[in-house]
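Reviewing the structure listed below.
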Amino acid sequence: DGDIRNHHAHVVMTTRRVTPDGLGEKTLIERENKWLLNAGQPTSHMQLGDIRQAWEEHANRSLMRAGLDIRIDHRSHLERGLEIEPTEHMGVHAAQMDRRGLSVSRQRLEAKAAKRNADRIRNNPGEVLTLITDEKSVFNRHDVARALHRYIDDSQTFVNAFASVMASPALVELQPEQNGELARYTTREMLTLEHQMADRAVRLGEDRSHHVNVDHVATALDRQDAAIRTVVASSLRNALVRGEISPSDRDQKVASAGLCDEQRLAVNHITGPEKIAAVIGFAGAGKSTMLAAAREAWAQQGIRVVGAALAGKAAEGLEESSGIASRTLASWEYGWQSGKGLLDKDDVFVIDEAGMVGSRQLSRFIAEVEARGAKLVLVGDHE
């Protein structure tokens, strides 16, 4: 109808275990907190937080693969250090009452919150810019308008707030409006952060002190080739028994199996002396197999290698496929804050699905790797 509504979705999930025979026992989230604490399990509130984070990871992966330069954040405004009050979902029945002219108490509360938000935005327009750059590093004035519409519904208040944000000294124009395309902006904070991140990456690339003996690399490649040939031979065994393939054809296929040239180049690249390396490849292109070979070369050199990913499933997949002990990025940061699991000099820190990591978080990891004298390996997809 042309108005700005709180578009959203409800996700329904079972709190029972799903079995071949239907729904089974209660999952942990349905247990009482007293029972959970006695059993050494996280409370229901903590579990809901994990679900929110998992939804963020799933949504952001889908957004990235769809080619959309936008991310969501499961954290509350308070957790993100923002004073702007979030909008509340009024509910379908309350919305219908409001449209019929009936009194809705929450609507009055929303109006008060909108006024407080307008005052906060006027006093600190940078808060809106922080909200936007949490989702995307580069944006246009339409993105500013959409962000403001979440918190302000009065037209004149909106115009004034929009002018305040666009006049903010924190705003930086990257590209002026031209050929019908909107001007593109970022913030001074994001510009500084990405320049610092690039400078650190250059320094890590110029530091060629991370040595791995070429014999270790060659041995690791040979062992990975042998492992691949064993798998291929096993997969062809039944076909040979059924007469679908001749022994000579089987032998030829097994002999030709192994790492491809691109995988070998990638292994040599990431085990090189530079303290930063990046590998990009299509999904299913064999990045995990390549990492398994590199892990073995590092291990022969006595180098510790650990991994991380934004999503828990991705971290588990990295560990299972490459043998690199892995955790989520959030888990690593939480440990580092309490002095646990700190990187040592010459450790290798692998980040899988690096393209999904936001600039602020990636910048913190690059800074930590450089400060500890470790090596950073970034792995990602073309999508």
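In my numbering, the protein residues as written are 133 to 515. Positions of the beta carbon are idealized from the N, C-alpha and C atoms, including for glycine. These numbers were taken from a predicted model, which means no experiment stands behind them.
Check: If you draw a straight line from the C-alpha of G223 to the C-alpha of A431, how long is it?
Finding: Working through the sequence shown from its first residue, we reach residue 223 at position 91. Working through the sequence shown from its first residue, we reach residue 431 at position 299. Because the pLDDT of G223 is 48, which lies under 50, any placement of that residue in the model is unreliable, and the number read from its coordinates should be weighed accordingly. Going by the C-alpha atoms only, they are around 57 angstroms apart.
Notebook entry, point to check: So, does the CB of Y283 fall closer than 7 angstroms to a CB anywhere in chain C?
Noted result: Checking the listed chains, one finds no chain C in this structure; it contains a single protein chain.
Item checked: Exposure label - H342; buried when at least 16 CB within 10 Å -> For the purposes of this step, residue 342 is identified with residue 210 of the sequence shown, where counting begins at 1. Buried: at least 16 other Cβ atoms inside 10 Å.
Checklist line | Best match in E326, E406, L423 and L450 for proximity to G490 [C-alpha to C-alpha] | finding: Your numbering for residue 490 matches position 358 in the sequence shown. Among E326, E406, L423 and L450, the Cα nearest to that of G490 belongs to E326.
Checklist line | C-alpha distance - A398 paired with E321, whole-angstrom precision | finding: Residue 398 sits at position 266 when you count from the first residue of the sequence shown. Residue 321 sits at position 189 when you count from the first residue of the sequence shown. Our two residues, A398 and E321, have alpha carbons roughly 34 angstroms apart in a direct line.
Notebook entry, point to check: Between Q239 and W464, what straight-line distance do the alpha-carbon atoms span, to the nearest angstrom?
Noted result: Here residue 239 is taken as the residue at index 107 of the sequence shown, counted from 1. Here residue 464 is taken as the residue at index 332 of the sequence shown, counted from 1. Any answer about Q239 is weak, because its pLDDT of 45 lies below 50 and its placement is not dependable; what the coordinates show is given next. About 42 angstroms.
Next item on the list: Leaving out five residues on either side along the sequence, give the residues of the same chain with a beta carbon under 7 angstroms from the beta carbon of Q307.
Entry: For this step, residue 307 is matched to residue 175 along the sequence shown. Counting only Cβ-Cβ distances below 7 angstroms, and skipping sequence neighbours, we find A315 and R316.
Notebook entry, point to check: Taking R436 as the reference, which of A443, R148, G444 and R427 has the closest Cα?
Noted result: The residue you call residue 436 lines up with position 304 of the sequence shown. Out of A443, R148, G444 and R427, R427 has the C-alpha closest to the C-alpha of R436.
Note to self: Taking the straight line between their C-alpha atoms, what separation do you get for L234 and D513?
What the structure shows: Translated into the one-based positions of the sequence shown, residue 234 becomes position 102. Translated into the one-based positions of the sequence shown, residue 513 becomes position 381. In this predicted model, L234 has a pLDDT of only 41, less than 50, meaning its place in the structure is not dependable enough to derive any value.
Notebook entry, point to check: The alpha helix (DSSP H) with A171 in it runs from where to where?
Noted result: Counting from one through the sequence shown, the residue named residue 171 turns up at place 39. Segment: none, A171 is in no alpha helix (DSSP H) and carries neither H nor E.
Note to self: Below 8 angstroms on the Cβ atoms is my contact criterion, and I expect D479 with A441 to pass it. Report the Cβ-Cβ distance as a whole number of Å.
What the structure shows: Numbered from its first residue, the sequence shown carries residue 479 at position 347. Numbered from its first residue, the sequence shown carries residue 441 at position 309. 17 angstroms between Cβ atoms; not a contact.
Check: To the nearest angstrom, how far is it from the Cα of Q310 to the Cα of N272?
Finding: Stepping through the sequence shown from its first residue, residue 310 is reached at position 178. Stepping through the sequence shown from its first residue, residue 272 is reached at position 140. Those two C-alpha atoms are separated by around 13 angstroms.
Check: Does the Cβ of Q228 have 16 or more other Cβ atoms within 10 Å, making it buried, or fewer, making it exposed?
Finding: Locating residue 228 in the sequence shown gives position 96, counting from the first residue. Confidence at Q228 is low in this model, with a pLDDT of 49, below 50, so the placement of that residue should be treated as unreliable; the coordinate-derived value is given next. Exposed.
Checklist line | Identity of the residue in G444, G390 and V482 nearest S454 by Cα | finding: The residue you call residue 454 lines up with position 322 of the sequence shown. Ranking the options by Cα distance to S454, first place goes to V482.
Next item on the list: Could you name the residues that DSSP lists as bridge partners for T460?
Entry: The count along the sequence shown starts at 1 and reaches residue 460 at position 328. According to DSSP, which records beta bridges pairwise, T460 is partnered with A441.
Margin query: Mapping the DSSP letters down to three states, classify G512 as helix, strand or coil.
Written below: Walking along the sequence shown from the start, residue 512 turns up at place 380. Residue state, collapsed to three classes: strand.
Note to self: Using 8 angstroms for Cβ pairs, my map puts L261 next to A302. What's the rounded Cβ distance?
What the structure shows: On the sequence shown, residue 261 is found 129 positions in, with the first residue counted as 1. On the sequence shown, residue 302 is found 170 positions in, with the first residue counted as 1. Contact holds; Cβ gap of about 6 angstroms.
Next item on the list: Go to F481, then tell me how far its beta strand (DSSP E) extends in each direction, as first and last residue.
Entry: Counted from its first residue, the sequence shown places residue 481 at position 349. From DSSP, the beta strand (DSSP E) with F481 extends over V480 to I483.
Notebook entry, point to check: What residues in its chain sit with their C-beta under 7 angstroms from that of Q328, if we drop five residues either side in the sequence?
Noted result: The sequence position of residue 328 within the sequence shown is 196, counting from 1. Hits under 7 angstroms: S495.
Margin query: From the DSSP secondary-structure annotation, give me the bridge partner or partners of Q307.
Written below: To locate residue 307, count along the sequence shown from 1; it is residue 175. Answer is R316.
Check: Do you know offhand how far D230's Cα is from Y283's?
Finding: Here residue 230 refers to the residue found at position 98 of the sequence shown. Here residue 283 refers to the residue found at position 151 of the sequence shown. The predicted position of D230 is uncertain, since its pLDDT is 48 and thus under 50; a value taken from the coordinates is nonetheless stated next. Going from the Cα of D230 to the Cα of Y283 covers about 18 angstroms.
Notebook entry, point to check: If we count the other Cβ atoms within 10 Å of its Cβ and call it buried at 16 or more, is I183 buried or exposed?
Noted result: Taking the first residue of the sequence shown as 1, we reach residue 183 at position 51. Counting Cβ neighbours within 10 Å, I183 comes out exposed, since fewer than 16 surround it.
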